[in-house]
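Residue numbers (the numbering used here), protein chains in the order written: chain A, 1 to 163; chain B, 1 to 163; chain C, 1 to 163; chain D, 1 to 163; chain E, 1 to 163; chain F, 1 to 163; chain G, 1 to 163; chain H, 1 to 163. Glycine included, C-beta positions come from ideal geometry on N, C-alpha and C. Please read the structure below before turning to the comments.
There are 8 protein chains.
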Amino acid sequence: MDERNIRILQAVAELGTGSPDEISEHTDIPKSTVHYRLTKLKEDGVVINDLFDVDLEKLGLELTVISEVIAEYDNKYHEEVGEKLTNIEGVNQVYFTMGDTDFIVIAHLSDREMVHRLISDYEEIDEVVRTSSQFVVETVKDEPHPLNDFELETLLETIERGE
Amino acid sequence: MDERNIRILQAVAELGTGSPDEISEHTDIPKSTVHYRLTKLKEDGVVINDLFDVDLEKLGLELTVISEVIAEYDNKYHEEVGEKLTNIEGVNQVYFTMGDTDFIVIAHLSDREMVHRLISDYEEIDEVVRTSSQFVVETVKDEPHPLNDFELETLLETIERGE
Amino acid sequence: MDERNIRILQAVAELGTGSPDEISEHTDIPKSTVHYRLTKLKEDGVVINDLFDVDLEKLGLELTVISEVIAEYDNKYHEEVGEKLTNIEGVNQVYFTMGDTDFIVIAHLSDREMVHRLISDYEEIDEVVRTSSQFVVETVKDEPHPLNDFELETLLETIERGE
Amino acid sequence: MDERNIRILQAVAELGTGSPDEISEHTDIPKSTVHYRLTKLKEDGVVINDLFDVDLEKLGLELTVISEVIAEYDNKYHEEVGEKLTNIEGVNQVYFTMGDTDFIVIAHLSDREMVHRLISDYEEIDEVVRTSSQFVVETVKDEPHPLNDFELETLLETIERGE
Amino acid sequence: MDERNIRILQAVAELGTGSPDEISEHTDIPKSTVHYRLTKLKEDGVVINDLFDVDLEKLGLELTVISEVIAEYDNKYHEEVGEKLTNIEGVNQVYFTMGDTDFIVIAHLSDREMVHRLISDYEEIDEVVRTSSQFVVETVKDEPHPLNDFELETLLETIERGE
Amino acid sequence: MDERNIRILQAVAELGTGSPDEISEHTDIPKSTVHYRLTKLKEDGVVINDLFDVDLEKLGLELTVISEVIAEYDNKYHEEVGEKLTNIEGVNQVYFTMGDTDFIVIAHLSDREMVHRLISDYEEIDEVVRTSSQFVVETVKDEPHPLNDFELETLLETIERGE
Amino acid sequence: MDERNIRILQAVAELGTGSPDEISEHTDIPKSTVHYRLTKLKEDGVVINDLFDVDLEKLGLELTVISEVIAEYDNKYHEEVGEKLTNIEGVNQVYFTMGDTDFIVIAHLSDREMVHRLISDYEEIDEVVRTSSQFVVETVKDEPHPLNDFELETLLETIERGE
Amino acid sequence: MDERNIRILQAVAELGTGSPDEISEHTDIPKSTVHYRLTKLKEDGVVINDLFDVDLEKLGLELTVISEVIAEYDNKYHEEVGEKLTNIEGVNQVYFTMGDTDFIVIAHLSDREMVHRLISDYEEIDEVVRTSSQFVVETVKDEPHPLNDFELETLLETIERGE
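Okay, here's the thing in C-alpha cells:
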C-alpha cells in the first residue's frame, strides 16, 4: 500500500464510483495508472468485488471499538453532539438511541495510538459527560449490503404490509 | 418496488457486481430489463451511486435495532452462538466483545412484526441467556465506505507505523 | 363500602356497562337497589363520572407497586409467563419490553399483606428468575382515557400520516 | 376516522360522559350526529363498550413507550418535574417512585415522529438530567377497570382489614 | 398508647435508664405513674424485657425503609452529610461505606405520609445528589444486643487474637 | 476482657435483664461476682448505660460489613434462606426487601479472619447465588433505641393517624 | 531479543537472583555468556536496575487487560477457581474481592492473538460464569517496589500502631 | 522492624539496588550495619530473595484495596488526575481504562486509619466525581516478575510475531 493506492481508494469511496475517468480527474493520477492500480488491488484482495468493498484488515484497520457516549442533557443537544461525533476520524457509525446510553459509536482503528486519539477526541467535545469503550474481539458479521441479510420472501411481505 | 426490483438488488448484493449480464444470468430476468430497472432505481434514489449503495428507508427498512446478547458461558461457545446470530434475518452486524455483553448485534427491520420475529429468533437460540434491545431514534452516521472516515494523512501515517 | 357495592362495581367493570338492568341480572341484586347504590357511590365520589371511573383510594387500593420481572429465556416463554403474570390478583398492567427487563408489571394493592402475597405469587411462577419491585410514592398522573393525553391537531395529523 | 369522530371521542374522555346532549354542547356537533357517530364507532369496534373504552390500535396509537426519567435533585423538585411530564402530549401515566429512577412514564404514540417529539419534550424540561426509554413489544394486559383485577373475596377482606 | 406512655418511653431511651426516679424528674410525670405505666407496658408487650427493648410494630412504627444516598463528592463532605442524615426523623442507622453508594440509611416509619417526609428531607440536603429507597418486606432479624449474635467461644477467640 | 465478663454480658443479652440473680443462675458465676463485674464494666465504658448497651469497639467488634445477598428464586425460598442467614455468626440484621437484592445483611466482626468466615458461611448456603459485601468506613449512627429517632409530636401524630 | 536472552531473564525471575553462577547452572548457558548478556540487557534498558526489573514494552508485552471474573457460587469455590486463573498464561495478578465481582485479574499480553487466547482460557474454566475484560489505555503507575509508595514517617507510624 | 530497617529497605526500592555502598551513602547508615541488617531481613523472611522482593504482610501492609475512580470529563483530564492519584500514599498501581470506570487503582494499606486517609485523599482531588472501593479478601496471585507468568515458547512466539 502506498499513497497512490490510498488516494485512489478514497476517491472511489468519496465519489461513489469506480470509474477511472472520474477518479483520475479527482486525484490527478493518470487514468491508466488508476486502471492498473485498481486491477492490482482486486488481484491482491484489498478490493473484494465489483462494488469496490475493501478488506479492512488488509488496509491495516484491524481494530474495531464500540463506544457508549453520554452527553449533557439539553434541548436539541443530540443533534449537535451527534454531528461532532460524526466528524471524529475513524468513526464509522453513530446511533442516537432510546436506551440508557445517548449514542453508540463504532470506529475502525489501526493501532493503540489511534485509540488514544479517539478517546482524546471524545474528551474534546464539551457536551460529552462520559464514555465507555470496548474492543471487539471478533467481528462475526459486518455485511456492507443489507439486502444480503434477507430472504426474498421476507422483503416481499414487508413491501406488501407497508402498502 | 416490486419483486423484480428486489430480486435484481439482491443479486447485486449477493454477486458483488452491478453487471447486467451476471445479474440476468442469476435472476433469469432479461438483461435489458435489468439494465432498465437499475437505471430507474438510480433515478428514484433507491440506488444511491455507482457502487450500488441503497437507501434503506426507501426499501422500507426504516427501523434499526441494537441488541446486547448474553449467552451461556462455555468453551468455544462464542463461535457457535455468533454464527446462529449471523443467520437471523435482518441481522446486519454481529460483534463479539470484551465487555459486559457477549455480543452486540445491529439489525435493520421494517416494522413491529419483524421486531417480534427478531426477539423470537433470539429466544430460539438455546445458548442465549438474555437479550436487551433498543431502538435507534436516529442514525446519525452509517458510512458504508470506511475510507471516507479518514484523512489521507492519517491513513499514510498508519501505514508507516505498521511497517 | 359493603359487599353489595363491590359486587355492583365489579359487574360494571366486567360487563363494560352501567346499565342497572344488566348489572341486576348479573348480580341478582334488585335493579332499583343497583340504581340507588350507583347514585349514592357517585355522590360519595367513589364513582367519579358517567364513564364509571372509580377512585382507587376510596376503594382502599392506595398502594401502587411497579415490578420488573425477569424470566427464564426460552422459546415462546414470554407468552406463557405473560399470561401467568396477568392472572395475579391486583395486577393491572403487564408489558413485555425490549430492554433489560422482560416484563414491567403495575399492580394496585391495599396493604402490606397484599404486597407479601404479590411477591409470593411471583415466586410461584416457575419461569420467573428474579423480580425487583418498588413502591410508587406518588401517582402524578394515571389517565384512564388516553384521548385526554392529546391535542386535537396531533390526533388529526397522526391519522393523516397513517393513511 | 375523521375530525368529527375524534372531537366526539375526546369530548367523551374530557367530560367523563357519553351523553349526546353534553357532547353536542361541548363540540357544536349536532346531537343526532353525535348519536349516530357513537353508534357507528361501537359497531366498528373503536369504542369497545358502554363505558366508552376505546381501542388504541384502531385509533392509530399502536406504540407504547416506557421511560425512566431522572431529574436534578432539589427541594420539592419532584412536584414541578412531575407536572411538566404530565403535560407532554401522549403521556398517559407518571409515577414518582422510591427506587433508582425518579419517574416512570408510560406514553402511547402513533409513529416514529411522535417518538422523536417525546424525546425532544423530555429534553426541554430543564430539571431532567437523563432519560431511558424502551419500546413495549407486547402489551400483555392493560385493564382500564382495576376492579376487574380482583376476586370479590379479596376486596371484601381488604375492606375488613382497613376498618 | 397515649402521650404519657410515649414521653416515658422516650425518657427511657434518652436517659439510658429505666429508673422511675430519673424518668419522673425528666418528664414531670409522678414517679408512681411512671412505675405503673412501665409495668403496664411490659404486660402489654410494648416493652419486651428488663432492658426496655420495645416492640416497634406495637408502637405503630411498622415500616422499615433502606435508602442508598449519594452525595456531592467534596473534601470532607461525608462528615457533614452524614450528620445531616443522622438528624432526619425516623433515621435509625447511617453507614458511610466504601462501595458504589456513599451512605446506607435505615429508617423506621409509621405510614405513607412519613415516607413522603423522609424523601423530602433527603431532598432538602443540598449535597445529596441522588437517593434510592426500598421497602423492607420482612425484617427477618434485628437483634438489639449484638452479643446474642455470637457463640461464647468465638468471642473468646476474638479476644485472644486481638491481644 | 476475660471469659467471665463475656459470659455475663451474653447472659444479659440473652435473658433480657441486668438482674445479678438471674445472671448468676444462668451462668453459675456467684451473684456478687456478677454484680462486681457489671459495675466494673460500666466504669470501663464497655457497658454504656443502665439499659446495658455495650460499646462494640471495646468488645473488639470493630468491623461492620453490609452484604447484599441474592438467592435462587423459588416458592417460599425467602423464609428458608432468611433463617439460614440469621444463624450465621456475627450477623446482626437481615432484611428481605422489594428491590434488586433479596436480602440486606449487616454483620459485626472483629477481624479479617471473621470476614473470611462470613463469606464462607454465605457460600455454604445452597440457595445463595451471589453476594456482594462492603466494609463500613464509618458508622455515623446506630441508635439502639429507635424512640430516640423521633420528636414527641411526631410520635403523637402518628398514633392519631393510626387510630 | 533472542531465545537466550529470554531464558536468562526467566531464570532471573524464577530463581529470584541475578547471580551468573546460578543462572548458568539453571539454563546451561555458559556463565560468561550470562554475564555478557545481562550487561547488554541493562545497557539496552530492557533490564532497568540492579534489582532486575524489566521494561515490559521492550519485551513486547505492551497490552494490559483487566478482567472481572464471576464464578459459580459454591462452597470453597473461590480457592479452586482462583488457582485456575493463576495458571493462565500472562495472568499477573488475581484478587478475590468482597464486591460485585468475584475476581479481578490483571494480565500482560503482547497482541490480539494472546487476547483471544486469554478469553478462551477463561471459557475453559468450568466454574466461570461470566467475564468482562477491558483494555488499559495507559498504565499511569505500576510500582514493582511497594515501599516506594510511602513516606518514611507513614511506615514508622504504621509499625507503632501495629505493636 | 525499626526505623533503620525501613530506611534501608526504602533505599533499596528507591535506588534500585541492594549494594550496601550505595545504600549506606544514601541513608548515612554505616555500610557494615546495612550489610548486617539486610542479611538479617533475609533470614527473617521480610526480604524474600536476591532481587529484594519484600513480604508485604511482614511489613504490616496487609490490606489491599481496589478502587474505581471516576473523574470529571474534560480535555486531557486523565493525565492530570492520573498523576494526582499516583501521588497518594500507598497507591501502588493506577490504570486508565477504556471501560465504564476512568481509573482502576490498587493500594496496599496497613489498617483502618490508612483506609480513611485513602478515601479522604481521593476526596481532595477536585476532578474526582465518584469512587468505589472494595477490600481484597485474598490476594491469590501478585507476581512481581511478569516473566514468571509465561512459558518460554509463548515468549518466543510473541517475539517472532512482533518482528
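- Look at the beta carbons and you see the stretch 83-98 of chain C not touching the stretch 32-40 of chain C: under three pairs across the two are nearer than 8 Å.
- According to the DSSP assignment, C:Leu85 belongs to the alpha helix (DSSP H) that extends over Tyr77 to Thr86.
- In this structure, B:Leu56 lies near B:His108, with their beta-carbon atoms less than 8 Å apart.
- Setting aside the 5 residues that flank it on each side, F:Val94 is surrounded in the same chain by Gly82, Leu85, Thr86, Phe103 and Val105, each with a C-beta closer than 7 Å to its C-beta; the list follows chain order.
- Taking a cut-off of 8 Å for Cβ pairs, the stretch 117-125 of chain E and the stretch 143-156 of chain E do not touch, as fewer than three such pairs fall below it.
- Around the beta carbon of A:Ser32, fewer than 16 other beta carbons lie within 10 angstroms, which makes this residue exposed.
- DSSP, reduced to helix, strand and coil, places F:Asp126 outside both helices and strands of the structure shown, so it counts as coil.
- Secondary structure remark: continuous alpha helix (DSSP H) runs of at least 4 residues inside the stretch 105-162 of chain F, in chain order: 112-124 and 152-162.
- Proximity to D:Leu9 across D:Leu41, D:Phe96, D:Asp28 and D:Asp21 peaks at D:Leu41, based on C-alpha coordinates.
- Around the beta carbon of A:His78, a 10 Å sphere encloses 16 or more other beta carbons of the protein chains shown; the residue is thus reported as buried.
- A Cβ-Cβ separation of about 11 Å leaves A:Asp100 out of contact with D:Ser67 under the 8 Å criterion.
- Taking 8 Å as the CB threshold, E:Arg117 stays off the interface with chain D.
- Residue pairing by DSSP places F:Val94 opposite E:Lys141 and F:Val105 in a beta bridge.
- In this structure, the beta-carbon distance from B:Val115 to B:Val65 falls below 8 Å.
- Contact between C:Tyr73 and B:Val129 holds, with the beta-carbon distance rounding to 6 Å and staying under 8 Å.
- Bridge partners of A:Val65 according to DSSP: A:Ala107 and A:Phe135.
- Interface flag for F:Phe135 against chain H is set, since a Cβ pair is found closer than 8 Å.
- Among the residues facing chain D, E:Ser32 is not included, as its CB has no counterpart in that chain under 8 Å away.
- In this structure, the beta-carbon distance from E:Ile6 to F:Leu156 falls below 8 Å.
- A Cβ-Cβ separation of about 6 Å places E:Met98 in contact with F:Gln134 under the 8 Å criterion.
- Counting along the chain, no alpha helix (DSSP H) covers F:Val46, and no H or E run does either.
- G:Leu63 counts as buried, since no fewer than 16 other beta carbons sit within 10 angstroms of its beta carbon.
- Leaving aside the five residues that flank F:His26 on each side, the residues in its chain whose CB is nearer than 8 Å to its CB run, in chain order, Ala11, Glu14 and Leu15.
- Residues of chain F whose Cβ lies closer than 7 Å to the Cβ of E:Ala13 are, in chain order, His145, Leu147 and Asn148.
- In the displayed model, A:Ile29 falls within coil according to three-state DSSP, outside both helix and strand.
- Assignment of beta-bridge partners to D:Val54 by DSSP yields D:Val47.
- Classified as exposed, A:Leu152 has fewer than 16 neighbouring CB atoms from the shown chains inside 10 Å of its CB.
- At a cut-off of 8 Å, the C-beta of G:Glu123 has a neighbouring C-beta in chain B.
- The Cβ of H:Arg130 sits closer than 8 Å to at least one Cβ of chain E.
- Chain-order list of chain A residues neighbouring B:Ser24: empty, with the shortest C-beta distance near 15 Å, by a criterion of under 8 Å.
- About 5 Å separates the beta carbon of F:Asp149 from that of E:Asn92, a gap short enough to meet the 8 Å contact definition.
- Taking 8 Å as the CB threshold, C:Tyr77 stays off the interface with chain D.
- By the Cβ neighbour-count rule, F:Pro20 is buried, with 16 or more other Cβ atoms within 10 Å of its own.
- The residue from H:Val47, H:Asp44, H:Ile48 and H:Arg4 with its alpha-carbon nearest to that of H:Ile29 is H:Arg4.
- D:Thr39 is outside the set of residues whose beta carbon lies under 8 Å from a beta carbon in chain C.
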